[in-house]
Every structure is written in C-alpha cells, then in structure tokens.
Amino acid sequence: MDLSFTPEENAFRDEVRTFFKENLPKDIRDKLVAGMHASKEDMIRWTRILNKKGWAVPHWPVEYGGTGWTPVQQYIFLEEQMLAPAPQMLAFGVSMVGPVIYTFGSEEQKKKYLPAIANLDTWWSQGFSEPGAGSDLAGLRTTAKREGDHYIVNGQKTWTTLGQHGDMIFMLVRTDPNAKKQEGISFLLIDMKSPGITVKPIITIEGGHEVNEVFFDDVKVPVENLVGKENKGWDYAKFLLGNERVGIARVGASKERIRRIKQLATAELDGDTPLIENQRFREKLASIEVELKALEMTQLRVVAAERTREKGKPDPASSILKIKGSELQQAITELALEVAGPYIAPYRQETHDGWNEPPAGPEWASPLAPAYFNYRKVSIYGGSNEIQKNIIAKAILGL
Amino acid sequence: MDFDLSEEQRLLKDSVDRLVADKYDFDKRKAYLKNEHGFSREMWSQFAELGLLALPFAEADGGFGGGPVETMIVMESLGRALAVEPYLATVVLSGGVLRHAASEAQRAELVPMIAGGEKIFALAHHERAARYNLACVATKATKDGDGYVLDGEKSLVLNGDAADWLIVSARVSGGDRDENGIGLFLVDARAPGVTRRGYWNQDATRSAEISLSKVKVDAANVIGEPGKAFPVIERVVHEAIAALCSEAVGGMGVAHADTVEYLKTRKQFGVTIGSFQSLQHRAVEMFVFLEQSRSITYFATMMASENDAAERARAMSAAKVQIGKSLRFVGQQSIQLHGGVGMTYELRVGHYFKRGTMIDTLFGDVDHHLAKLSAMGGLIAA
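Top line first, the protein sequences correspond to chains A and B.
To convert, note that position 261 of the first sequence is 260 in numbering that gives the first Met the number 0; the numbers rise steadily by one, no gaps.
To convert, note that position 86 of the second sequence is 85 in numbering that gives the first Met the number 0; the numbers rise steadily by one, no gaps.
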C-alpha cells in the first residue's frame, strides 16, 4: 500500500500542467474562470489542440487513438484539465458513443466515426431520455421499423444536451414492440440533418439553452447505422452508462471552483474585513473541502481498482461518486452565491459569445446565481441520486 | 498510488482479524470487562505474541519497523472488536513519545517492556482547563539537582489506572498555554506522590484522574529536551488521530453491517423492513458516510508520517471532521433502523454508537477541527 503518487506520476502531472498552461487559449480559460460556458467554437478549438498532441481521447485503446495511459494517469489528466480550467471533451462523443463503437461497432463504423470524434469534426448528441422514460430508461417508446435496407424512426427524445449543435445522434429505439421492456431495444446512429428531424430548445430555469427536445417523424436511417446486433441495444446502453459514471465526481472542477470562491471572498469585504475571515463562511467552505478530499480519495480507490476489475463492469462504488460529487458541486454553487451577496440579483442575458449588456454590480457576480440554478441538474441527470441509492441498496447492500 | 496491501501487510491483517474473530466476540468482551482495570491481560499477551505491541517501533529498538499503514490495519480490527485493551494508550501514544523523543538508552530499556506486553504505559497529558488545547499544561516541573520534581493534576488519562509507567507532560517555563516550555517525564505510576483514581468511561474504556505531588524524576527519566516537547506531543497526537480514524472505520463497518443484516431479517407488515425504500436509502446514506470515512482515513494515514507539522495538522483536522460527522450519523441511524431493540444494552450496535461518540471528543471534536482547519486556510490553496 502506497498512498502517494509515484515520482513518475508527479512528473506526468507537471507535463500535463505545463502543456495546458502553454496551449490553452487565454480567452477560453478566462471565460471558464468567470463561470461562463465554453461555446461550440471554443470546444472545437480546444479539442483540436489536444488531438494534435494525441491527447483528445486518452482513455481509448491505443489502436483507435488512445494514449495507453494508466488509470491513474488518466485521472491526473482529467483533474488537470478541470483545474486549468479547460473545456472538457464532448462526453457524448469521447466517453459515450466512441467506446460503444470501438467495442461493439463494425469496422466501417470504427473507420467512419472514431477519428471524427477525436477531432470533434462530428458533434454527437445523446438520444436516450424520452418524455415518458427518464430514470426508467427502459420505458422508451421511440420505434424503428425495418423496411428494406432502412429503419423508419418515429418518436421523441428529450433533454438532448447541446443537441442544437448536433451533427449525429446515438439513439436507443424500440425495434421489437412485443419483447419485454429491456429486450427489443436497439442502438442506432442517426444523421441529425435527416428529413423528419426537428430540434426544439428547452429553456432551463436560469434562462439558458443547453437542452433540447428532438422529434422524429418517419426518419429514414440506413441499416448499416445499427450498432452491434438488433435488439441488443440495452446491453450497449448499460456499458455506456457504466463509463459515464467514472468522471462524474468532477473533483477537479469542484477544486477549481473552491479556489475561485477563495479568491473572490478574499477581495470581497464583509463590513471592514474580507468575507473569507468571516468564521461562519470559512467553516462552511472548510466543511466542503473536507468532504471533497474524502471524495477525491474515494475516486482514487475506484481508479486504482480499475486495474483488477472485470472489463466493462462498472464499480458499484462509483454510485457514491455520483451522489457525493453532485451534492458537493451543488453545495459549492450555493456557497458562491454568498460571496456575491445582494449582487446575485441583477439578471443578464447570456449569449454564446458572452454577455451582451453591461452588468449592475461586479462583473464576476452575475454568472453565480445562474450556475446555482443550473446545477440543480447534477443530482438529476445520469440517473438521479435517488436512483443511485436504489442501485447501491441492491447491488452493494443486497437489500 | 496503490491501495493494495503488501504481502506482509496482508499477513498482519489476516492474523489480527483471525485473533479478533476467534477471541473477541461481543460476549467475550463482556467477560474481559470484568477483569481488573477492565481489559484482558490474556489478550494483551496474545497481542504481544503476534507482534502487535512491537509493531511501530524501529527494528533497532526491538520493533518491527511498521508505519502508519500497519497501525491502521491493527486499529481497524480492534475497532471492529470494540477492543478495550490499552493499545492506543500504550503503543500509539506512549510508544509514539518514545519513538520520537526518547534517547537510545531509554528506548533500549522501555521499548522491550511494551513490545513484550510486560508493562502498561499511559500518556498523562490532558488537564482540566485544556479542553482541546494541546499546549495547555499547568503541571509544574521544577529543577531538583540533576532531575525534576513534578506537581499538578492530570485528567482523563486513558488507562491511567492500569499503567505501570506514566509519561507526564509538565511545564519547565512559560505561561500555562505556551507551546514553549513543556517537558516530558517518565514516572513510575506507583512512585511516592502519585495518586490515581480510575473510573469507567461511557464506552467501557477506562481512564484516571492523576494527582502529582512532589514527584521526583531522575535525570535518566527526562524524555527529550525539557521545554521543547510540544512538537513531540503534537506529532504523537496526530498519529493517534490517524489511528482513531481507523478504529472508527472498523466500528462503523460493524454497526452498518449489523443494521443491514437486521433490515434483511426483521419482518413487519408481512415483509422484511429492508424492502422499504426509505430504510434502504438511509442504509445507503450510512454506507456513503462509511466509505467517505475510509477514504479520509487513508488520507490521514498517508499524512501521519508527514514531516511538515502544519500540513500534517491540516490533514488530521480534515480527517477528524469527516470521521466525527460520520460517527454521529452512522451511530444514530444504526440505533434508529434497529428500532426498539437498538435501544437495548444487550445489543452491540449501541456500544459502537457510544464508542463512536467518545472518539469524536478524543483530541478534538468536529467543531474544534473545523475551526482549526478553516483558520489554517483549508485544504485547497486559493
């Protein structure tokens, strides 16, 4: 048992940090430090910088463009990316559909899609959730009927994150309406420019446009866009969702936000003294830091155990990462509100190019309330925390 | 970064676990409590035979050269057993003082006494006015020829009634709360001028109030440089905090496992109560606290050998905060989910709850360490 990073791992961290320092465009970094979203163009620009370096899809097998890094190195890379802070890779491509394609897809699919994911030439969207199928994902009703060498897709997907930019969408569709719930589902790749697809924005509580509804009306999809076998889509979806939880604790991102809060609270006065010296405030902050340190160690335990875990089988302990990670992200956005005090109030319209009106009050304060409102999502998406508790109760505690 | 135990560590864990499984069930513990000083001398001899009492000492001093990970392994196991033997007092606290401050000659004489299980040691440091301030020492050490004379009152001395030897902190200079001016002295617990009053704690461990009146200490029994003992005391307490975290994890593990087992067997309304979602989720919340505690204990264990005292202090405060909160939640909920039977003295969950409640107050509770950590600027640099 050796609980410290090896000299090689520390050297690797330095290498990654230096690369980020020298290559992350300043305008992108500044935007993220301020608490604003990276635009589509920002993400493409950054992905291509990483791809040129060979770091866009580090966790993929080497033959498809991965780096061959150990799980600990991958962890360090992700953490440094969040600490920089740099935009995260578009998860729908690199963490979700990419691994499904290289694990279950045909040779043609691998050739056609994988390089375009690594370079963000193709923007992927996720078509899983439906109005009637949220946490109960297998309740989905969108159908795909085989007609000759095409499927005809009809139905509706929802909560499609950044679907407004989507070139392609990976879908769970029902191909056998008579089979039991989890059977009869297939995994399809659909070109979002196909006739019959309509994308409508869903505006979330803070006023932002992040998610969408996607409607499918007799959409023709070539059969070669089926991944793996017909009616086996649920297996691929389970594999995909297992991958999704690995990065979900977002410890590095939370650390970066705490650093930001400390900087702001050192400058912001509470009476005659900096807010950071207010005992109640700083104890709340320290309390979050303690839990985050514990979560970081939990994450490292999961990462270290990856070497010996059966491939494709998610660690049930990763459900802890989701629960605690989301609780802490929410606690941090909540504490950030307290830094701004009354200046959380003025509302500004966000566009993807930044702000279009001058603020009332300090510039830094205006993204804080929207972030707080928006982050209520993190305990809901990816399987709500209540679902995670059901999973732990069943899979770990045997209840 | 490697969380797997080495071959030797695995052997250690297996042997301690086996001893505890064979010799330390809850009924046997009840019997051990009836012994003089409230613990089993026979168990203590077995600890010695297994090498547990020699574990953290350097090989040159007759020990096994174990580090914080080895102590973690032993303490977690003792925590599962709710063991009442004076391992913390003798090996971790007193042994820690000997490791960090005693001369070669003193170690040569004293370490074998501990390692062989012959003598019980206790650290007589805490005083009534101290609360959690480790520098608060009013007991006086007055120079007397080559040696010293000690006068003062020590309180809450863990296993002070069973001790053959006391390591006493006393002030050679400065004010009652100065970090400078504290010394450490080895005192025969039966020496003239030493009066002890032993008593039970809530969790069936034992402590003593100790009064020192004109107690003579030879030059040979002065440990380290008088006046410079604070960093030693702080370091030893940090090691004890890491050890207590492990004990807490062991205990919470049992409390949680017992609770889950009860949910699976207890029937009401014709079904096992574990089929109720509200109880399932509570059990999961306990599990999250338990795992977060295990994680922060790894952190504390990793930092226990850190030489930078401030960094070490941050880590121990962080660990004590997480452990204290977890002990409270897991302890309270293990009673709640057992329902009425959880309230009975007969069932063991209540005893884990009581031990956990006491661990929170040993060397600083949640509020104390949260205040301390936040005053040091937290864990993450701005």
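No residue lacks a Cβ here, since even glycine has one placed at the ideal position from N, Cα and C.
query                                                                                                                                                                              : result
Drop a sphere of 10 angstroms on the beta-carbon of P86(A), count the other beta-carbons inside from all chains shown, and report buried for 16 or more, exposed for fewer.        : buried
Less than 9 angstroms between CB atoms is the rule here; does H367(B) satisfy it with respect to chain A?                                                                          : no
If you draw a straight line from the alpha carbon of Y297(B) to that of L2(A), how long is it in whole angstroms?                                                                  : 7 angstroms
For A33(A), which residues in chain B fall below 8 angstroms Cβ to Cβ?                                                                                                             : Per Cβ cutoff of 8 angstroms: no residues; A33(A) is ~17 angstroms from chain B at best.
Starting from F186(A), follow the beta strand (DSSP E) in both directions and report where the run begins and ends.                                                                : 184-190
Please identify, using Cβ separations under 7 angstroms, the residues of the stretch 265-296 of chain B that lie next to chain A, in order along the chain.                        : G273, Q279, H280, A282, V283, F286, V287, E290, Q291, S294, I295
Counting only the same chain and skipping the five closest in sequence on each side, list residues whose C-beta sits under 8 angstroms from that of K266(B).                       : I272
Would you give the residue range spanned by the beta strand (DSSP E) that L171(A) belongs to?                                                                                      : 167-173
Any Cβ of chain A within less than 9 angstroms of the Cβ of F352(B)?                                                                                                               : no
Report all residues from its chain with a CB closer than 6 angstroms to the CB of H351(A); omit the five preceding and five following residues, and keep chain order.              : Confidence is the limiting factor: at H351(A) the pLDDT is only 45, short of 50, which leaves the residue's position unreliable and the question unanswerable from this model.
Is F229(B) near L133(B), with beta carbons less than 9 angstroms apart?                                                                                                            : yes
When you compare only the Cα positions, how much space is there between M112(B) and Q105(B)?                                                                                       : 11 angstroms
Please confirm whether A33(A) and E255(A) have their CB atoms less than 9 angstroms apart.                                                                                         : no
Pick out whichever of G250(B), H125(B), T194(B), I119(B) has its Cα sitting closest to the Cα of G349(B).                                                                          : G250(B)
When the Cβ atoms of the stretch 326-333 of chain B are set against those of the stretch 302-314 of chain B, are three or more pairs found closer than 8 angstroms?                : no
Anything in chain B within Cβ reach of V338(A), meaning under 7 angstroms, just list it in chain order.                                                                            : Simply none; closest approach about 13 angstroms.
Can you pull the chain B residues whose beta carbon is under 8 angstroms from the beta carbon of V71(A), in chain order?                                                           : M0
According to a CB-to-CB cut-off of less than 7 angstroms, which residues of the stretch 315-327 of chain B neighbour chain A?                                                      : A317, V320, Q321
Under the three-state reduction of DSSP, which class applies to I196(A): helix, strand or coil?                                                                                    : strand
Could you confirm whether any beta carbon from chain A is found closer than 9 angstroms to the beta carbon of M301(B)?                                                             : yes
Among L183(B), L378(B), L157(B), V193(B), which residue has its Cα nearest to the Cα of A218(B)?                                                                                   : L183(B)
Can you give me the Cβ contacts of A241(B) inside the same chain, cut-off strictly under 8 angstroms, excluding the 5 residues immediately before and after it?                    : P67, T70, M71, T296, A299, T300, M302, A303, M315, A318
Please specify which runs of the beta strand (DSSP E), each continuous and at least 3 residues long, are wholly inside the stretch 192-232 of chain B, giving them in chain order. : 193-199, 205-216, 221-226
Out of curiosity, what's the CA-to-CA distance linking F46(B) and V90(B)?                                                                                                          : 11 angstroms
Going by C-alpha distance, which of N230(A), L336(A), N242(A) is nearest L274(A)?                                                                                                  : L336(A)
Three-state secondary structure (DSSP) at I358(B)?                                                                                                                                 : helix
Please compile the residues from chain D whose C-beta is within a distance smaller than 7 angstroms of the C-beta of I319(A).                                                      : Judged by its chain identifiers, the structure shown contains no chain D, and its protein chains are A and B.
For K263(B), go through chain A and note every residue whose CB falls closer than 8 angstroms to its CB, in chain order.                                                           : G397, L398
Return the CA-CA distance between E62(A) and V56(A), expressed in angstroms with no decimal places.                                                                                : 11 angstroms
Residues in the same chain with beta-carbon distance under 6 angstroms from V259(B), minus the five sequence neighbours each way, listed in chain order, please.                   : A282
Just reading off the alpha helix (DSSP H) that T121(A) is part of, what are its end residues?                                                                                      : No alpha helix (DSSP H) holds T121(A); DSSP gives it neither H nor E.
Which word fits A307(A), buried or exposed, when buried means at least 16 other C-beta atoms lie within 10 angstroms of its C-beta?                                                : Note on identity: in this sequence residue 307(A) is Thr, with Ala being the wrong assignment. Exposed: under 16 other Cβ atoms inside 10 Å.
Strictly under 9 angstroms for the Cβ-Cβ distance: is I383(B) near chain A by that measure?                                                                                        : The first residue shown for chain B is 0 and the last is 381, placing residue 383(B) beyond what the model contains.
With a Cβ-Cβ cutoff of 9 angstroms, do M81(A) and N242(A) count as a contact?                                                                                                      : no
Considering Cα atoms alone, identify which of W68(A), T102(A), W122(A) is closest to M88(A).                                                                                       : W122(A)
Which residues bound the alpha helix (DSSP H) around E75(B)?                                                                                                                       : 67-80
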